[in-house]
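Trainee: One rule links them: number in this note's numbering = place in the sequence shown (from 1) + 1. Glycine is no exception: its CB is placed at the ideal position from the N, C-alpha and C atoms. Here it is, the structure, as structure tokens.
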Amino acid sequence: MISLPVLSPLTVIAIPFAGALAIALAHRHARLRDALGWVAALIFLTTVIAHVPSVMSGQGAHQWFGELIPGVRIGFVIEPLGLLFALIGASLWVVATLYAQSYMKTLGYQHLARFFACYAIALGAAAGIAFSGNLLTLFIFYEVLTLSTYPLVTHSGSESARQGGRVYLFYLLASSIGLLLPAIVWTYAATGTLDFQTGGIIEGHIAPHWIPILTGLFAFGIGKAALMPMHRWLPSAMVAPAPVSALLHAVAVVKAGVFTILKVAIFVLGVDTLQTTGAGLWVAWVAAFTIVAASLVALGLDDLKARLAYSTVAQLSYVIIGAMVATPLAIIGGVMQMLMHAVAKITLFFSAGAIQVAHDRKKIKELDGLGRVMPFTFTFMTIGILSIIGLPLFAGMWSKWYLVLGSLSDEQWIVVGALLVSSLLNILYLLIIPIRGFFAPAAPGVPTQGIHEAPWAQRVAMGMTASACLILFFFPEPVFNLAKGLIS
């Protein structure tokens, strides 16, 4: 068996940043630039995978640097939840590289060195969040992720892109500086530390009647989790190219948000504290509202990417519910949802981009009959949708199963109702798209004969992520065991 080199956490995090620098320096040489993108993505994935054996054996890795003030230091810890997030980012970065290089060239985008350099920085920032050993380190990389993805959102340079970028930046910076940072300062003032600890750090340091307020500051301050009303940045960012939408909605940004929610719930607030005080239940009810409201908004939208964006707003709140209900099964469901949604939603955004590349169509009413001339794309899209709905044979079933069971065990009927209604609404606003694509009469301008698919690289990328939606249904045990270990 080949033994992979086990690098320090900081070295692993530095790989995407080094890749970004190399890509930027190769801006005059397209082939070298593309090759460097592959090298960085593959090395990053390899070095993340190398930490799996030690983490699964209960060891992990720690790396700390000097204190800035008493009890506050910069540091990294590789533990199961962070490793899962890093694996999601590293694995999907490889697939997204295949897709993005084809997409951006086919549509003639310029300044690709800048684009792929920012892409790499975003993955490095996500890794920094994943391996953060405390709230300060996490906050630093959280802000780096925001700033590095802004140029990606505005990459086209159009007025709509610039406006979308302004909304994106305002919401994420305002929420993190105005709410998340005060929550971090409050935590330090009460506990004297910001380090993540199993069981949390606030028990006995903050009076029970104040914990719901602190929980709310964290939940709404982590704007990347898109809990209403902090969600507006997400649909505004849909002006970005499809590979960016995939990055935002599946790989880095929103997953950084829900990962941080889980991290705070488990390692700062503490699962036992949340259970005994019920401090997170009001946030869970807001998340339930977000699920239903975002689904209803999606139902009325004709723009494909906008509908997928509001679907993401709804699906992220599944993870928030798992963290805030805080029963063991709910936590397991939330952790599993982080992965299951990632592979399904990136498939859908890949599909939307492929449709734009092959036929320049963005409106759902323009897709009627298109499935018959893009059978691969629409089949992959259908698999991703069925996983998001949560039907058997598709990965999304497991996360919803445990979320419902976990909510039932705590008699959270509002939450259970929202989860069930959401699945029904998913059928109405998502499954109808491939149904119309395969069976409706062709919309004006849609070819009626032959196959007119997107380039092969995009189809391969879609096929890989769609296959993951099936594989993870039959082999969910590693993710389940990892999630179970967080609350045992």
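Using only alpha-carbon positions, find the residue among Ala118, Gly125, Ile70, Ala327 that is nearest to Leu137.
Mentor: Your numbering for residue 137 matches position 136 in the sequence shown. Leu137 has its Cα closest to that of Ile70, out of Ala118, Gly125, Ile70, Ala327.
Trainee: Since Trp399 contacts Met341 with CB under 8 Å, what's their CB separation in whole angstroms?
Mentor: To locate residue 399, count along the sequence shown from 1; it is residue 398. To locate residue 341, count along the sequence shown from 1; it is residue 340. The Cβ separation is near 7 Å, so the contact holds.
Trainee: Roughly how many angstroms lie between the CA atoms of Phe66 and Met465, to the nearest whole one?
Mentor: What you label residue 66 is simply residue 65 of the sequence shown in a count that begins at 1. What you label residue 465 is simply residue 464 of the sequence shown in a count that begins at 1. For Phe66 and Met465, the distance between alpha carbons rounds to 39 Å.
Trainee: Give the single residue among Tyr403, Pro393, Ala469, Ser352 whose Cα lies nearest to the Cα of Pro376.
Mentor: Taking the first residue of the sequence shown as 1, we reach residue 376 at position 375. Of the candidates Tyr403, Pro393, Ala469, Ser352, the one whose C-alpha sits nearest the C-alpha of Pro376 is Ser352.
Trainee: So the beta strand (DSSP E) Ala51 belongs to, where does it begin and stop?
Mentor: Taking the first residue of the sequence shown as position 1, residue 51 is located at position 50. Where Ala51 is concerned, there is no enclosing beta strand (DSSP E), given that its DSSP letter is neither H nor E.
Trainee: Quick check: the Cα distance between Leu181 and Leu215, rounded to an integer number of angstroms?
Mentor: Here residue 181 refers to the residue found at position 180 when the sequence shown is read from its first residue. Here residue 215 refers to the residue found at position 214 when the sequence shown is read from its first residue. CA-to-CA, the gap between Leu181 and Leu215 works out to about 10 Å.
Trainee: Compare the C-alpha of Gln413 against each of Glu68, Pro479, Leu270, Met325 and name the closest.
Mentor: In the sequence shown, counting from the first residue as 1, residue 413 sits at position 412. The shortest C-alpha separation from Gln413 is found at Met325.
Trainee: Return the bridge partner residues of His63 from the DSSP annotation.
Mentor: Residue numbering aside, residue 63 sits at position 62 when the sequence shown is read from its first letter. Its beta-bridge partners are Val78.
Trainee: Could you give the DSSP three-state label for Asp196: helix, strand or coil?
Mentor: Counted from its first residue, the sequence shown places residue 196 at position 195. Three-state result, Asp196: strand.
Trainee: Considering Cα atoms alone, identify which of Val293, Ala23, Ile292 is closest to Leu37.
Mentor: Position 36 of the sequence shown, counting from 1, holds the residue named residue 37. The shortest Cα separation from Leu37 among Val293, Ala23, Ile292 belongs to Ala23.
Trainee: Looking only at C-alpha atoms, which of Leu174, Thr194, Leu300, His112 sits nearest to Val73?
Mentor: For the purposes of this step, residue 73 is taken as residue 72 along the sequence shown, with counting starting at 1. It is Thr194.
Trainee: Indicate whether Thr378 and Ala310 have their beta-carbon atoms separated by less than 8 Å.
Mentor: One-based indexing of the sequence shown puts residue 378 at position 377. One-based indexing of the sequence shown puts residue 310 at position 309. The answer is no: Cβ separation not under 8 Å.
Trainee: With three or more C-beta pairs closer than 8 Å as the rule, is the segment 473 to 485 touching the segment 356 to 373?
Mentor: no
Trainee: Leaving aside the five residues before and after Val96 along the sequence, list all residues of the same chain whose C-beta is less than 8 Å from its C-beta, in chain order.
Mentor: The residue given as residue 96 occupies position 95 in the sequence shown. Around Val96: Ile347, Ala462, Met465, Thr466.
Trainee: Give the secondary structure of Val374 by DSSP, where H, G and I count as helix, E and B as strand, and everything else as coil.
Mentor: Here residue 374 refers to the residue found at position 373 of the sequence shown. Coil.
Trainee: Kindly indicate the opening and closing residues of the alpha helix (DSSP H) around Phe351.
Mentor: The residue labelled residue 351 in the question sits at position 350 within the sequence shown. Phe351 -> alpha helix (DSSP H) spans 329 to 360.
Trainee: Checking the sheet assignment: what are the DSSP bridge partners for Ser133?
Mentor: Position 132 of the sequence shown, counted from the start, is the residue given in the question as residue 133. In the DSSP output, where bridge partners are listed per residue, Ser133 has Phe77.
Trainee: Among the candidates Leu392, Glu367, Pro442, Asp361, whose CA atom is the shortest distance from the CA of Tyr104?
Mentor: Your numbering for residue 104 matches position 103 in the sequence shown. When each option's Cα is compared against that of Tyr104, the closest is Asp361.
Trainee: Are the CB atoms of Ser246 and Thr350 within a distance shorter than 8 Å?
Mentor: On the sequence shown, position 349 is the one that residue 350 refers to. On the sequence shown, position 245 is the one that residue 246 refers to. Per the sequence shown, residue 350 should be read as Phe rather than Thr. Yes, Cβ-Cβ distance for Phe350 and Ser246 is below 8 Å.
Trainee: Using C-beta distances below 8 Å, list every residue in its chain close to Leu473, excluding the 5 sequence neighbours before and after it, in chain order.
Mentor: Within the sequence shown, the letter at position 472 stands for residue 473. So the qualifying residues of the chain are Leu340, Met341, Val344, Ala396, Trp399, Val480.
Trainee: What does a CB cutoff of less than 6 Å around Ala299 pick up in its chain, not counting 5 residues either side in sequence?
Mentor: What you label residue 299 is simply residue 298 of the sequence shown in a count that begins at 1. Once the five neighbours on either side are set aside, the close Cβ partners of Ala299 are Arg308, Tyr311, Ser312, Tyr430.
Trainee: From what residue to what residue does the alpha helix (DSSP H) around Asp273 run?
Mentor: Start at 1 with the first residue of the sequence shown, and residue 273 comes out as number 272. Run containing Asp273: 272 to 278, per the alpha helix (DSSP H) assignment.
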